[in-house]
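Participant: Listed in order, the protein sequences are those of chains B and P. In terms of this note's numbering, the first sequence has 89 at position 4, counting the first letter as 1, and numbering is strictly consecutive. In terms of this note's numbering, the second sequence has 1237 at position 43, counting the first letter as 1, and numbering is strictly consecutive. Where is the CB? At the ideal position from N, CA and C, for every residue including glycine.
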Amino acid sequence: MNLVAERIVCAYGERTVLHDFNLVAEPGTVTALLGPNGAGKSTALRALSRLLRPRAGKVTLGGEDVWRLPRRSFGRQVAFVPQSEAIAWPMTVEQVVLLGRVPHRGWLLPYSAEDRAALRTALRQVDLEDFQGRDLDSLSGGERRRALLARALAQDARVLLLDEPGAHLDLRHQVELFDLLARLARERRAAVVLSLHDLNLASLYADRAVLLNEGRIVAQGPTQEVLTPGLLRETFGIAVETVPHPRCGVAMILPVSPHLGET
Amino acid sequence: MSRRRFAILLLGLGAVVALAAAFSLTVGSADIPAGRTLSILTSPGPSLERTILFDLRLPRVLLALCVGAGLAGAGTAYQGLFLNPLADPFVIGASSGAALGATVSILLDLGALPFAAFLGSLGAVGLVYLLGGSGGGGASPLSLLLAGAAVSTIVGSLVSLLMILNDQSLGVIFNWLLGGFSTATWRELGYGAPMVGVGLVLLWLLSRPLDALALGDDTASSLGLSVVGFRFAIVLAATITTAAAVATAGIIGFVGLVAPHAARLIAGGRNSRLLPVSCLFGALLLLLADAAARGLASPQEIPVSIVTSLVGGPFFLYLLRRRSA
């Protein structure tokens, strides 16, 4: 089921932060939203996840306007992992992840065996099986991010929207996370849309990329066609060069600066 | 904690509360031997001792239990809603509104003090909610807290002004403000308890949304929660509980702040478990505080809120030390 943004315009108060944004998130693909700080990546994700109502244009899921869908029905189909996670309250990993079952179970009924199974699967996927009973605030930054991702996985949604999922993760857990997201796209036909700053991770894992700058789309398409020195320079305002990854051949992006010297 | 262990914990706490209630029945200025309490209560026929026990002490004990549970439950909900460990049942104006209602009732001799206090409490919180939500997008926790502080201060000064201008009633008003159960009767219990009960049941039904709100508005909303609507429902239920407690017992501090913290230490952060444990703690705390208020300086009575603050303050500091340790 496609999640589609059609020429949406988003604003906070008087300030328009996203102009004419288009996107088609197809099952089985990973789409990366790229761009400098303030480019509109998070805003686009908030609009896609039905948290921010666009001023113009519309977001549709399977052809239906998402604002016409019942909240919980949307929650069963689209999961969102926000960037900030100021959980200043003692909650266990189990408790947080089970909340991901709410779109299925509702706000009153006790969690079922099916919910517990989803909890275990989600924890296994993020490598946190032994953390079920731990308090969230006793975890490291990376473990916490994975627990919050497990919450979204337990939601069992076909569309997964993530705002900077790789932030605060060490290299190994970044790679494992993106492996997992790519696997969810391939094997479970999930549509994954995420924002990130690491262009190399985008190059390695995203099927499609959207380059944003100051609320406008600079380019979008297959990742390797978007991550070119010219477009990146236009977007980020610095010179870059690309070299092929020695193993898989995708473009690795390297910044160029006069301070770095030459060999 | 497994479901079974939690059930045992609840039962155990309930038994402790029942014991404390029974003990509290034996405390007072009339010298009634503890061993005979039960036989007096069950023996037929009127007697002075039976009247003291049945018409004075029993409603008082039950009301303390009920108010303690109510304040603790509302405190738990507000702490969860505002994600702020300093929140208590009075944080968005419930107590100042009740004080104004009670003061007006006393000054105008309306003879409907609990009712006026209840309305005043609801009115103040309603005002805070309107002011806090006037920025658009519904009332955010922070704007509610700020509006609550402002309204509490303004209403509090109004109460002080009224007290100064009518100094012949100063004592009566001051006495009410300090809170207590010395005037508790079956009648007060009759309208206080059901309101507190309704509010607490509503809060308990809202415990999963309250859990979800702790993940932040965006996540809660993406799970299908109508954040604005549920936040309103939680404030409403907590306010009914608080207003009913305050209307029948005056302003009793610290119970609603300390009990949730103590409960969180053993029950964790899941609100469906935290709420009942917190209520039992609150009931226990206030039962003991009231017994102390009656017994320590007998026949003189100490206002119960002085006891709760004197005991609750240090206890709170102890909890903070434990938390940071």
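Chain P beta carbons: is any one of them nearer than 8 Å to that of PHE216/B?
Facilitator: Taking the first residue of the first sequence as position 1, residue 216/B is located at position 131. Not closer than 8 Å to any Cβ of chain P, the Cβ of PHE216/B fails to qualify, so no.
Participant: Is the separation between the beta-carbon of SER1241/P and that of LEU1481/P shorter than 8 Å?
Facilitator: Taking the first residue of the second sequence as position 1, residue 1241/P is located at position 47. Taking the first residue of the second sequence as position 1, residue 1481/P is located at position 287. Not in contact: SER1241/P and LEU1481/P (Cβ atoms no closer than 8 Å).
Participant: Taking the alpha helix (DSSP H) that CYS1260/P belongs to, which residues open and close that run?
Facilitator: For the purposes of this step, residue 1260/P is identified with residue 66 of the second sequence, where counting begins at 1. Where CYS1260/P is concerned, the enclosing alpha helix (DSSP H) stretches over 1252-1276.
Participant: Please identify the residue among PRO307/B, ALA324/B and GLN309/B whose C-alpha is closest to the C-alpha of GLY315/B.
Facilitator: For the purposes of this step, residue 315/B is taken as residue 230 along the first sequence, with counting starting at 1. Of the candidates PRO307/B, ALA324/B and GLN309/B, the one whose C-alpha sits nearest the C-alpha of GLY315/B is ALA324/B.
Participant: Chain P partners of MET176/B, CB-CB under 9 Å?
Facilitator: The sequence position of residue 176/B within the first sequence is 91, counting from 1. Chain P residues near MET176/B: ASP1405, ALA1408, LEU1409, GLY1462, GLY1463 and ARG1464.
Participant: Report the CB separation of VAL1179/P from SER1315/P in whole angstroms; it is logged as a contact under 8 Å.
Facilitator: The requested residue 1179/P is not part of the displayed model; chain P covers only 1195 to 1519.
Participant: Could you have a look at ASN1360/P and say whether DSSP puts it in helix, strand or coil?
Facilitator: In the second sequence, counting from the first residue as 1, residue 1360/P sits at position 166. Three-state DSSP puts ASN1360/P in coil, outside helix and strand.
Participant: Between ASP1411/P and the rest of its own chain, which residues show a CB-CB distance below 6 Å, the 5 nearest in sequence each way excluded?
Facilitator: Here residue 1411/P refers to the residue found at position 217 of the second sequence. Taken in chain order, the residues that qualify are VAL1421.
Participant: What ranges does the alpha helix (DSSP H) occupy inside the stretch 1342-1422 of chain P, keeping only unbroken runs of at least 4 residues that lie completely in it?
Facilitator: List check, alpha helix (DSSP H) in window: 1364-1372, 1380-1399, 1401-1407 and 1411-1416.
Participant: Could you work out which residue in ALA1318/P, THR1297/P, ASN1360/P and TYR1323/P is closest to LEU1371/P when comparing CA atoms only?
Facilitator: To locate residue 1371/P, count along the second sequence from 1; it is residue 177. Among ALA1318/P, THR1297/P, ASN1360/P and TYR1323/P, the Cα nearest to that of LEU1371/P is on THR1297/P.
Participant: Would you mind working out which of LEU1340/P, VAL1261/P and VAL1353/P sits nearest GLY1384/P, comparing C-alpha positions?
Facilitator: Here residue 1384/P refers to the residue found at position 190 of the second sequence. When each option's Cα is compared against that of GLY1384/P, the closest is VAL1261/P.
Participant: Buried or exposed: LEU246/B, going by 16 or more other Cβ atoms within 10 Å of its Cβ?
Facilitator: Mapped onto the first sequence, residue 246/B falls at position 161. Counting Cβ neighbours within 10 Å, LEU246/B comes out buried, since at least 16 surround it.
Participant: Within 8 Å (strictly less), CB to CB, does PRO188/B reach chain P?
Facilitator: Working through the first sequence from its first residue, we reach residue 188/B at position 103. Taking Cβ atoms only, chain P reaches closer than 8 Å to PRO188/B, which makes this a yes.
Participant: Is the distance from the Cβ of VAL115/B to the Cβ of ALA235/B below 8 Å?
Facilitator: Within the first sequence, residue 115/B is the residue found at index 30, counting from 1. Within the first sequence, residue 235/B is the residue found at index 150, counting from 1. No, Cβ-Cβ distance for VAL115/B and ALA235/B is not below 8 Å.
Participant: Mind listing which residues of the stretch 151-165 of chain B have their C-beta closer than 9 Å to chain P's C-betas, in chain order?
Facilitator: Per Cβ criterion, the list reads PRO155, ARG156, ARG157, SER158, PHE159, GLY160, ARG161, VAL163, ALA164 and PHE165.
Participant: Identify the contact partners of VAL102/B in chain P, using a Cβ-Cβ distance below 8 Å as the criterion.
Facilitator: Within the first sequence, the letter at position 17 stands for residue 102/B. Going along chain P, no residue has its Cβ under 8 Å from VAL102/B, so there is no contact; the nearest lies around 16 Å.
Participant: Since GLY147/B and LEU1417/P are thought to touch, with beta carbons under 8 Å apart, how far apart are those beta carbons, to the nearest angstrom?
Facilitator: Reading the first sequence from its first residue, position 62 is the one you call residue 147/B. Reading the second sequence from its first residue, position 223 is the one you call residue 1417/P. With a Cβ gap of about 20 Å, GLY147/B and LEU1417/P do not count as contacting.
Participant: Tell me the rounded alpha-carbon separation between ARG1197/P and VAL1285/P.
Facilitator: Taking the first residue of the second sequence as 1, we reach residue 1197/P at position 3. Taking the first residue of the second sequence as 1, we reach residue 1285/P at position 91. Computed Cα separation, rounded: 33 Å.
Participant: If LEU133/B and LEU88/B are in contact, beta carbons under 8 Å, what's the gap, nearest whole angstrom?
Facilitator: What you label residue 133/B is simply residue 48 of the first sequence in a count that begins at 1. What you label residue 88/B is simply residue 3 of the first sequence in a count that begins at 1. Contact flag correct, Cβ pair sits at about 6 Å.
Participant: Measure the CB-CB distance between THR1413/P and LEU1257/P and report whether it falls below 8 Å.
Facilitator: The count along the second sequence starts at 1 and reaches residue 1413/P at position 219. The count along the second sequence starts at 1 and reaches residue 1257/P at position 63. Not in contact: THR1413/P and LEU1257/P (Cβ atoms no closer than 8 Å).
Participant: Can you give the Cα-Cα distance for PRO1403/P and PRO1253/P, rounded to whole angstroms?
Facilitator: Taking the first residue of the second sequence as 1, we reach residue 1403/P at position 209. Taking the first residue of the second sequence as 1, we reach residue 1253/P at position 59. Rounded to whole angstroms, PRO1403/P to PRO1253/P spans 35 Å at the Cα level.
Participant: Just to make sure I have the definition right: I need the residues of chain P whose C-beta is within less than 9 Å of the C-beta of SER134/B. Which are they?
Facilitator: Here residue 134/B refers to the residue found at position 49 when the first sequence is read from its first residue. Ordered by position in chain P, the residues that pass the 9 Å Cβ test against SER134/B are ASP1412, SER1415 and SER1416.
Participant: Just verifying my parser: in three-state terms, what is the DSSP assignment at VAL1452/P?
Facilitator: Taking the first residue of the second sequence as 1, we reach residue 1452/P at position 258. Of the three classes helix, strand and coil, the one that applies to VAL1452/P here is helix, per DSSP.
Participant: Looking at the structure shown, is ILE93/B part of a helix, part of a strand, or coil, going by DSSP?
Facilitator: Indexing the first sequence from 1 puts residue 93/B at position 8. ILE93/B falls in the strand class under three-state DSSP.
Participant: For ASN298/B, which residues does DSSP report across the bridge?
Facilitator: The sequence position of residue 298/B within the first sequence is 213, counting from 1. Paired residues: ARG301/B.
Participant: Counting only Cβ pairs nearer than 7 Å, list the residues of chain P close to LEU184/B.
Facilitator: By one-based count along the first sequence, residue 184/B stands at place 99. Simply ASP1405, ALA1406, LEU1409 and LEU1417.
Participant: Could you give the first and the last residue of the continuous alpha helix (DSSP H) run that contains GLU272/B?
Facilitator: As a working mapping, residue 272/B is identified with position 187 in the first sequence. Residues 256-273.
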